[in-house]
Structure formats: structure tokens, C-alpha cells
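**Student:**
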Amino acid sequence: MRMVQSGFYWPSLFKNAHTMCKSCDRCQRVGKLTSMNMMTLNPILIVDLFYVWGINFMRPFPMSFVYSYILVGVDYVSKWVEAVPCKHNDHKVVLKFLKENIFSRFGVPKAIISDWGTHFCNKPFETLLAKYGVKHKVATPYHPQTSGQVELANREIKNILMKVVNTNRKY
Numbered sequence: 001m002r003m004v005q006s007g008f009y010w011p012s013l014f015k016n017a018h019t020m021c022k023s024c025d026r027c028q029r030v031g032k033l034t035s036m037n038m039m040t041l042n043p044i045l046i047v048d049l050f051y052v053w054g055i056n057f058m059r060p061f062p063m064s065f066v067y068s069y070i071l072v073g074v075d076y077v078s079k080w081v082e083a084v085p086c087k088h089n090d091h092k093v094v095l096k097f098l099k100e101n102i103f104s105r106f107g108v109p110k111a112i113i114s115d116w117g118t119h120f121c122n123k124p125f126e127t128l129l130a131k132y133g134v135k136h137k138v139a140t141p142y143h144p145q146t147s148g149q150v151e152l153a154n155r156e157i158k159n160i161l162m163k164v165v166n167t168n169r170k171y
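Quick note: the sequence shown, position 95, residue 95 per UniProt numbering, numbers continuous.
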């Protein structure tokens, strides 16, 4: 073992070390490291279906049937997507969406993740969440990975709309 630790150049070092470990009584008794030897991981959040939702507005689209925005909500566990067309992107639309599409259908979540938009960071929104005991987690600015599930859903919705909608049709 001292030869291995000495630090000089040895062309067949790995082969010889492997052979030595195969014949070493102590190495054979200790055995391989398995997943049981690893440290346990502590989850950051204990989540269940519909406990954590991410919400976001998809930016203005060409107006169609008076709608120019899409409000998207995504459950972080099941990846279930709720999307509704909207005329405006204000807090009233968000409150209505949460009450009618999330709270009443899936139950009250434990947390909602959003960006720093004024439609999510305002007194009526915070009052509604406080009333139901929902925590509001705000994503890191200019870091879309924080609300990655919603961003992924936005991209998928955009791709679907680009395939089925042309400039002559309304969606």
C-alpha cells in the first residue's frame, strides 16, 4: 500500500492497484459501497398532487376573439396544465382563475410559484392566498428555470398553437 501512496509515475498503476485490491483480505471483507452506504437525501419540499402550482401569463398574442393573453397554471407533481385565454393580464383575471380553475377543482394548494409581475405581486392576490393559507413563492428574476414547469408548458402551448393556427384562422 505504501508504494501506491508514494506518488511517483507508474505506467500500470491502475491495473496493479486493481489486482492488489482483488487479493487484499481487508478489501474483500469490506466489500463494495452500495446505495445503503450513501447519505440520505433530505427533500426540500414534501409535495403531493396539486400541492404546488406554478402560474404565468403567456405574452400578448395577435388578438383573437378579443383574447390576447393566456394564463397558464401547472401542477408541479402531475404536470397537469390549466390554460385559459384572457383579455387582460391583471390581478382580477388571476384571482378568478385561481378560484374557478384551481381551488374549486383541485383543492387549495400549499404553495403557488409565480414571477414578479404586478398581476401576481399585489395586495388582493396576497390577501386571497393568506385567506386560504397558501404560500406565495416568487421566482428569481431573469432565471426562468425557477418556474421551469410553467415555462415548459408555455413553450408546448406555443408550439401547438403555431401548428394548428395560421394567420387566416382565429383560435
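C-beta: ideal position from N, C-alpha, C; glycine also.
Since the structure is predicted, the reported quantities are computational estimates derived from the model, not experimental observations.
#1: For the candidate residues R26, E151, Y132, whose alpha-carbon lies nearest to that of K99?
#2: Just to confirm, are I157 and M58 a CB contact at a threshold of 8 Å?
#3: What are the partner residues of D25, as DSSP defines its beta bridges?
#4: Counting pairs of beta carbons, one from the segment 48 to 56 and one from the segment 8 to 21, are three or more of them closer than 8 Å?
#5: Out of curiosity, what's the CA-to-CA distance linking P60 and I112?
#6: Helix or strand or just coil, what does DSSP make of I44?
#7: Does DSSP put H91 in a helix, in a strand, or in coil?
#8: Do the CB positions of H119 and D75 come within less than 8 Å of each other?
#9: My assumption, with CB atoms under 8 Å, is that D115 sits in contact with N56. Please give the rounded CB distance.
#10: Give the single residue among M162, G148, N159, L161 whose Cα lies nearest to the Cα of G73.
#11: Could you tell me which residues DSSP puts in a beta bridge with W10?
#12: Buried or exposed: V66, going by 16 or more other Cβ atoms within 10 Å of its Cβ?
#13: Excluding sequence positions up to five away, which residues of its chain have a Cβ less than 6 Å from the Cβ of E82?
#14: Kindly list the residues whose CB is nearer than 8 Å to the CB of N42, restricted to its own chain and excluding five residues on each side of it in sequence; keep chain order.
**Tutor:** According to the data block:
#1: Taking the first residue of the sequence shown as 1, we reach residue 99 at position 99. Taking only the C-alpha atoms, the option nearest K99 is Y132.
#2: Here the question's residue 157 lines up with position 157 in the sequence shown. Here the question's residue 58 lines up with position 58 in the sequence shown. In contact: I157 and M58 (Cβ atoms closer than 8 Å).
#3: Here the question's residue 25 lines up with position 25 in the sequence shown. BP columns for D25 are empty, so no partner.
#4: At 8 Å Cβ cutoff, the stretches do not touch.
#5: Looking up residue 60 in the sequence shown gives position 60. Looking up residue 112 in the sequence shown gives position 112. Each residue's Cα considered, the two are about 23 Å apart.
#6: If you number the sequence shown from 1, residue 44 lands on position 44. Only weak support is given to the placement of I44: the predicted model assigns it a pLDDT of 48, under 50, and the value that follows is read from those uncertain coordinates. Note: I44 maps to coil in three-state DSSP.
#7: Position 91 of the sequence shown holds residue 91. Helix, per DSSP.
#8: Looking up residue 119 in the sequence shown gives position 119. Looking up residue 75 in the sequence shown gives position 75. No, Cβ-Cβ distance for H119 and D75 is not below 8 Å.
#9: Here residue 115 refers to the residue found at position 115 when the sequence shown is read from its first residue. Here residue 56 refers to the residue found at position 56 when the sequence shown is read from its first residue. That belief holds up - the Cβ atoms of D115 and N56 are roughly 6 Å apart, short of 8 Å.
#10: The residue given as residue 73 occupies position 73 in the sequence shown. Considering only alpha carbons, the answer is G148.
#11: What you label residue 10 is simply residue 10 of the sequence shown in a count that begins at 1. Paired residues: none, contrary to the question.
#12: Residue numbering aside, residue 66 sits at position 66 when the sequence shown is read from its first letter. Exposed is the call here.
#13: What you label residue 82 is simply residue 82 of the sequence shown in a count that begins at 1. G73, N101.
#14: In the sequence shown, the residue the question calls residue 42 occupies position 42. In this predicted model, N42 has a pLDDT of only 48, less than 50, meaning its place in the structure is not dependable; the value taken from the coordinates is given anyway. So the list is empty, once near-sequence residues are dropped.
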